[in-house]
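Protein chains in written order, with my numbering: chain A, 55 to 251; chain B, 55 to 251. Working notes, beginning with the structure itself.
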DNA sequence: CAAGGATTTTTCCAATAGGAAAAAATGTGT
DNA sequence: ACACATTTTTTCCTATTGGAAAAATCCTTG
């Protein structure tokens, strides 16, 4: 016995979205049924929130409607000694310089760490040389500690980050940081080798 | 008798992702069960691809894991799309609470990241319960953003860290953080799975 | 407005999901 | 190695889903 609830049923929303999706395409139930391999009745019920589709069917349906599964929801839219540890005191870092940045590796004498944390300084209004995108395997995480930083990711619009903001990306994609404010910026970068490292 | 199919079952992928998501948080099945309201067995089966969850359950599960539903799907295949990136704005984090800390996972809807960055707050002079050392595989990196923090590493003398200081250690060793100052402390923690993860 | 085709909703039943509890496996400390 | 606690997997059973076909609704046209 299906209750007549107009409470914000989770599936009701989904159903509406589904129907919308179908009608946007001007398709009928049977058309979608054919494309997806589901039964007409199933789709009908799903659209009205009578039933709650299983992952399998959702998956099929997505293919049938030619949308990414996510579209349905977008609702809201290591010789590191085991057991060891190390402390890095502010200011006691080992300095390194590259063309683009000045940074200090935090635990230089531990090797095979799963992560490589670095503190970096970006001089205010440093020239950004677009020829020098940095690329390397693995993933990278950056937090802005002070100042404002613009991150250039190859093929994407620049991202402006303020203190407290962070970004996570695939290091294999060309990237570049630059201070964006009047002051020097201070960043923390943590690199990790990719899954297959 | 479950067939031993290693065929690219659509749900198998999903299941793996699910398990990953749960383990990233260090949660047990029953923990997720409680948070999501689903039965333990259901989650277990879903993770192993034995069953195909319905939309309703998926929805609940997403809430329980504190991820956007879309996060389950975005990566139809791989995790952390090669070449992708994500930005976390200060204050736009997803809150999580444990017995000892309040922290916000920074990129909750990307899974299989090589690193798991979190921002945490430690209430001033919170009682430290030494019975509750935290232990999990992998390595951990902590930076103090604000305040003063004492890190207790099992079997070692407590380490006092001030803003800008950081510590890197093996997460398998019992560890515990506590704010040590008058003010609340703010920390950034990055976890990485160990070599054999 | 009646007839006929197209589309959607219902009905009925087999297939599958989901939960409670038992069983197995996996970890702890002693 | 042992018992003990914790976590995961199985088992067993009920509730729900999903499909085929029948019934109802909605066009369109004469």
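For every residue, glycine included, the Cβ atom is placed at its ideal position computed from N, Cα and C. Since the model is a prediction, treat every value here as computed from it, not as a measurement.
Problem - 8 Å contact criterion, which residue 247/B and residue 171/B should meet: CB distance rounded - result: Wrong, their Cβ atoms sit about 14 Å apart, outside the cutoff.
Practice task
Could you list which residues in chain A have their beta carbon closer than 7 Å to that of residue 191/B, in chain order?
Solution key: What residue 191/B touches in chain A: nothing, since even the nearest Cβ is about 10 Å away.
Practice task
Pull out every residue of the stretch 206-238 of chain B whose Cβ sits closer than 8 Å to any Cβ of chain A, in chain order.
Solution key: 207, 210, 213, 215, 216, 217, 218, 219, 220, 221, 222, 223, 224, 226, 227
Problem - Proximity test, Cβ basis, 8 Å: residue 168/A and chain B - result: Between residue 168/A and chain B, the shortest Cβ-Cβ separation is below 8 Å.
Exercise for the section: Would you mind working out which of 99/A, 206/A, 177/A, 197/A sits nearest residue 68/A, comparing C-alpha positions? Expected result: 99/A
Practice task
Determine the contact status of residue 65/B and residue 95/B, defining contact as a CB-CB distance below 8 Å.
Solution key: no
Practice task
Kindly identify the DSSP beta-bridge partner or partners of residue 213/B.
Solution key: 205/B
Handout entry: Spatially closest choice to residue 168/B from 200/A, 225/A, 174/A, by CA coordinates
Key = 225/A
Handout entry: Within chain B, partners of residue 107/A - CB distance below 7 Å
Key = Within 7 Å Cβ-Cβ: 108, 109.
Handout entry: Residues that residue 187/B contacts on chain A, provided the C-beta gap is smaller than 7 Å
Key = What residue 187/B touches in chain A: nothing, since even the nearest Cβ is about 13 Å away.
Exercise for the section: Would you kindly work out how many angstroms separate the C-alpha atoms of residue 73/B and residue 110/B, rounded to a whole number? Expected result: 19 Å
Exercise for the section: Grab me the residues of residue 256/A's own chain with a C-beta within less than 6 Å of its C-beta, minus the 5 sequence neighbours each way, in chain order. Expected result: Nothing about residue 256/A can be read from this structure; chain A reaches only from 55 to 251.
Practice task
Would you mind listing the alpha helix (DSSP H) stretches within the stretch 64-114 of chain A that are 4+ residues and don't spill past its ends, in chain order?
Solution key: 64-78, 83-90, 94-101
Problem - Between the CA atoms of residue 227/A and residue 92/B - distance to the nearest angstrom - result: 40 Å
Problem - 7 Å CB neighbourhood of residue 199/B in its chain, flanking five on each side removed - result: 217, 240, 241, 242
Handout entry: Sequence-distant residues of the same chain with beta carbon closer than 8 Å to residue 130/A, five excluded per side
Key = Caution is warranted here: a pLDDT of 36 is assigned to residue 130/A, below 50, making its placement in the model unreliable, and the coordinate value is therefore given only provisionally. Excluding residues within five positions, none has a Cβ falling inside 8 Å.
Practice task
Could you work out which residues of chain B lie near residue 119/A, taking near to mean beta carbons separated by less than 8 Å?
Solution key: Going along chain B, no residue has its Cβ under 8 Å from residue 119/A, so there is no contact; the nearest lies around 14 Å.
Problem - Spatial distance of residue 245/A from residue 76/B (CA atoms) - result: Rounded to the nearest angstrom, the two C-alpha atoms are 23 Å apart.
Handout entry: Cα-Cα separation, residue 103/A to residue 82/B
Key = 32 Å
Problem - Among 201/B, 207/B, 221/B, 126/B, nearest to residue 236/B - alpha-carbon criterion - result: 201/B
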